[in-house]
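Engineer: After the structure tokens below, expect a handful of questions from me.
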Amino acid sequence: MSLRSVSWPNHVSPETSLFRKSKVLFGLDKTKRSLIEANCAIVCEGQIDLISLFEGGITNVVASQGTAFTEDQARVLKRYVNEVVLCFDADTPGKKAAERSLDALLQSDLIVRVAEMPAGEDPDSLVRQKGKEEFEKRIARAQTFFDYWIESEVATSDSNSLGAKMQLARKLAETVSRVHDPLMRGEVVSKMSARLGVSPADFETLLSRQKGEGFGGSQGLHSQASPAPRHDIAMLSLLALRDEEARDFLHRQNWREILAQVPNAEILVCILESELRPSDAASLNAFMATLSATDEGLVSSWLLQKVPLNAGTMVGKWWLGIRQGVLRRHLEVAKNQIKLPRLTTGDVVNLQKEILDLQEQLHELSPAREADS
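What follows is the structure, given as structure tokens:
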């Protein structure tokens, strides 16, 4: 029996205590096996789109029960796939639906791409009129969400107008601020700053203002409270505040690049960027004046602690652990990417090289290796 031969209701069922549209993915019971095999879900807006695709031989597909994905639906989908291709109509509502789906999908650590339909077409009409092959070409050419989104925004803005460029920068920063994964965020910041013609550091400053006070505020750069740092960041912050040699050691490392990829490391970055000197009370007081009340309390608690006698060894140990953690995260991402469907031979070769390089870097940093050297 085909899906189309089933008697479907003209309207989606109303919500009841037993049925919540925000938790349901239409067609999942029929397509879950194909989702697992492809490790990728094609997400369309309507039930008719799904039925046409399924009967056309494209079976790794689901549809939301509304115009955008919810966190509940994203969590369900994450059980079956690592990647999602949004396949919404090529109109303004379709674009808005893709944007509204982003937060929920990112929260579930799903890779998000967008497949554009020809003007005036939707998945149903495209697969019926031009066939499965034409639709699959669209899916194969699907861009990452942020590549798709920035091209769309740049194409509809006046890049020659300073005011329009500033407005676009604010809009881009607002969207990027929703990305929490440090590796994905770094890649997106690099692409967006290049398209805007600004440095990544300047764009990060824009992000900090967007995430904190919003635009047009008058508070200081470090006036917003940072999330509580994890233990290794707290230890390095203590050493950078209290021990001159430990602070000098950290300044000799590529700390900006590394800490940009570590969650909740803002307070350590703030300490290392400052001109404070552990032995100079005046410089320390000046630094404290730039902090929020929460961060000031955190730093004050570190200042009351005793500096470890083996501070030189401790700073190297904690910094090594952070570097290893960043490399392991890169390695995990590369291993997940190489499992994605429809990679080109060149993509696979490059990912294999990246994996080998990361494994070698981790080996070089291993304690056994350092002991041997």
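FYI, the numbering for the sequence shown is -9 to 363, going by this note's numbering.
Ideal Cβ positions, reconstructed from N, Cα and C, are used throughout, including at glycine.
Note that the structure is a prediction, hence the values are computed from the model and not measured.
#1: Please list the terminal residues of the continuous alpha helix (DSSP H) segment that includes Glu73.
#2: Return the CA-CA distance between Ala324 and Ile345, expressed in angstroms with no decimal places.
#3: Can you give me the C-alpha to C-alpha distance between Gly17 and Glu164, rounded to a whole angstrom?
#4: If you reduce the DSSP assignment to three classes, tell me which class Arg319 lands in.
#5: Under 7 Å, do Gln63 and Leu15 count as touching if we go by C-beta distance?
#6: Counting C-beta neighbours from all protein chains within 10 Å, is the total for Gly46 16 or more, i.e. buried, or is it exposed?
#7: So is Ser269 buried or exposed if we call it buried at 16+ other beta carbons inside 10 Å?
#8: Compute the beta-carbon to beta-carbon distance between Val169 and Ala132, rounded to the nearest angstrom, for a pair I have assumed lies under 8 Å.
#9: In the structure shown, what three-state DSSP assignment does Ala145 receive?
#10: With burial defined as no fewer than 16 other Cβ atoms inside 10 Å of the residue's Cβ, what is the status of Glu124: buried or exposed?
#11: According to the neighbour-count rule (16 or more other Cβ atoms, all chains shown, within 10 Å of its Cβ), is Leu43 buried or exposed?
#12: Can the beta-carbon of Cys30 be found closer than 7 Å to that of Val71?
#13: Check Lys343 in the structure and name its three-state DSSP category.
#14: In the DSSP assignment, the beta strand (DSSP E) including Ala31 goes from what residue to what residue?
#15: Span of the beta strand (DSSP E) holding Phe101?
#16: Any chance you could list the alpha helix (DSSP H) runs of at least 4 consecutive residues sitting entirely within the region 219 to 278, in chain order?
#17: Check whether the region 131 to 145 touches the region 108 to 121, counting contact only when three or more Cβ pairs, one atom from each stretch, lie closer than 8 Å.
#18: At what residues does the alpha helix (DSSP H) containing Ala64 begin and finish?
#19: Can you give me the start and stop residues for the beta strand (DSSP E) that Ala53 sits inside?
#20: Give me the Cβ distance between Gly302 and Glu235, rounded to the nearest whole Å; I'm assuming they're in contact under 8 Å.
#21: Evaluate the contact criterion for the region 307 to 314 versus the region 277 to 294: three or more CB pairs, one atom per stretch, below 8 Å.
#22: Would you check if the region 244 to 264 and the region 331 to 340 touch, i.e. whether three or more CB-CB distances between them fall below 8 Å?
#23: Under a Cβ-count criterion, where at least 16 other Cβ atoms within 10 Å of its own Cβ denotes burial, should Pro108 be classed as buried or exposed?
#24: Applying the 10 Å Cβ sphere with the 16-neighbour rule, what's the burial state of Ile32?
#25: Determine the extent of the alpha helix (DSSP H) in which Pro108 is found, giving its start and end residues.
#26: What do you reckon, are the CB atoms on Val51 and Leu67 nearer than 7 Å?
#27: Quick one: what's Thr134 bridged to in DSSP?
#28: Less than 7 Å separating the beta-carbons of Phe78 and Ala88?
#29: Between the alpha carbons of Phe135 and Ser264, how many angstroms are there, rounded?
#30: What do you get for Glu354, buried or exposed, if any count of 16 or more other CB atoms within 10 angstroms of its CB means buried?
#31: Can you tell me where the alpha helix (DSSP H) holding Val179 begins and where it ends?
#32: What does the alpha-carbon distance come out to for the pair Ile328 and Ile48?
#33: Would you tell me roughly how many angstroms separate the C-alpha atoms of Asn326 and Leu92, rounded to the nearest one?
#34: Looking only at its chain, what residues have a beta carbon closer than 7 Å to the beta carbon of Leu348, apart from the 5 residues adjacent to it on each side?
#35: With a threshold of 7 Å between beta carbons, is Ala301 in contact with chain C?
Structural biologist: Short version:
#1: Segment Glu73 to Cys77 is the beta strand (DSSP E) holding Glu73; no alpha helix (DSSP H) there.
#2: 6 Å
#3: 33 Å
#4: helix
#5: yes
#6: buried
#7: exposed
#8: That pair is no contact at about 19 Å.
#9: DSSP places Ala145 in helix when its eight states are reduced to three.
#10: exposed
#11: By the neighbour-count rule (16 or more Cβ atoms within 10 Å), Leu43 is buried.
#12: yes
#13: helix
#14: Cys30 to Cys34
#15: Note on identity: in this sequence residue 101 is Ile, with Phe being the wrong assignment. Its beta strand (DSSP E) spans residues Ile101 to Val104.
#16: 221 to 232, 234 to 241, 245 to 249, 256 to 263 and 271 to 278
#17: no
#18: Glu61 to Lys68
#19: Val51 to Ser54
#20: 6 Å
#21: no
#22: no
#23: Around the beta carbon of Pro108, fewer than 16 other beta carbons sit within 10 angstroms, so the residue counts as exposed.
#24: Flag for Ile32 reads buried.
#25: Per DSSP, Pro108 belongs to no alpha helix (DSSP H) and is neither H nor E.
#26: In this structure, Val51 sits away from Leu67, with a CB-CB distance that is not shorter than 7 Å.
#27: Arg103
#28: It is a contact, given that the beta carbons lie within the stated cut-off.
#29: 36 Å
#30: exposed
#31: Pro172 to Leu186
#32: Taking the straight line joining both Cα atoms gives about 23 Å.
#33: 20 Å
#34: By the criterion of a C-beta distance shorter than 7 Å, Leu348 is surrounded in its chain by Leu317, His320, Leu321 and Ala324, once the five residues flanking it on both sides are discounted.
#35: Within the model displayed, chain C is absent; a lone protein chain is all it includes.
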